[in-house]
Amino acid sequence: MTRIDKYLWFVRLFKTRAKASEACGKGRVMVENTPVKASRAVVIGDTIQIKRPPVVYTFRVLDVPPTRIGAKLVEQFLQNITSPDQLELIEAIRIDRQNQRARGFGRPTKRERRDLEAFFGEQQLYFVDENDGWE
């Protein structure tokens, strides 16, 4: 029998055992829809849900490895049964992150502003309202 925090670390769902244990303590790890403590034993056939807002991942335990395993071997010990709507949410989040503004766009940096002024010369780059009350 293996503790669930160890199992989650063994199959590379968490980078460290401490993070797996912390997730259990915060109620983000559930077995058969019941929040579990880090010390709960893992049994073959268990269904594990992991909440990583806004997505809930679901896995089925196929076997329990004796130690931490390589990424290529994870499929022998764990089956990803996350629902299609959750997978669509993951894809939507990934696409949204690609559409976010990259650094350096928007307001120009000091260097970019100087380059723009050099390119356009004496031409005014900014809108100035003559009646704004500032002198």
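Count the sequence shown with numbering that gives the first Met the number 0 and you get residues 0 to 134, in order. Glycine residues also receive a C-beta, built at the ideal position from the N, C-alpha and C atoms. Model, not experiment: these values are computed from the prediction.
DSSP three-state call for residue i: helix, strand or coil?
i	result
R11	coil
P118	Sequence check: residue 118 is Phe here, not Pro. If DSSP states are grouped into helix, strand and coil, F118 belongs with the helices.
V41	strand
R106	coil
Here's a check: name, in chain order, each residue in its chain whose Cβ is nearer than 7 Å to the Cβ of residue i, leaving out the five neighbours to either side.
i	result
N79	F58
K18	none
P107	L115
Q97	none
Excluding sequence positions up to five away, which residues of its chain have a Cβ less than 8 Å from the Cβ of residue i?
i	result
R51	R27
Using CA coordinates, which residue listed in the options is at the minimum distance from residue i?
i	options	result
T46	S20, P34, E21	P34
P53	S20, K36, E87	E87
S20	E31, R2, N32	R2
G137	K36, V30, K71	The structure shown does not extend to residue 137, since the chain spans only 0 to 134, so no value can be given for it.
L61	G44, L72, K71	G44
With 7 Å as the threshold, decide whether the Cβ of residue i is near any Cβ in chain D.
i	result
I89	In summary, chain D is missing from the structure at hand, where a single protein chain is found.
Can you list, in chain order, the residues of its chain with a C-beta nearer than 6 Å to that of residue i? Leave out the 5 residues immediately preceding and following it.
i	result
Q48	M29, V55, T57
Evaluate contact between the region 36-46 and the region 111-118, counting only Cβ atoms and requiring at least three cross-stretch pairs below 8 Å.
These segments do not touch.
Check whether the region 61-80 and the region 5-18 are in contact - that is, three or more C-beta pairs closer than 8 Å.
With a cut-off of 8 Å, the region 5-18 and the region 61-80 count as touching, because enough Cβ pairs lie within range.
Taking the runs of the alpha helix (DSSP H) that are 4 residues or longer, which of them lie wholly in the region 11-81?
Qualifying alpha helix (DSSP H) stretches, in chain order: 16-24.
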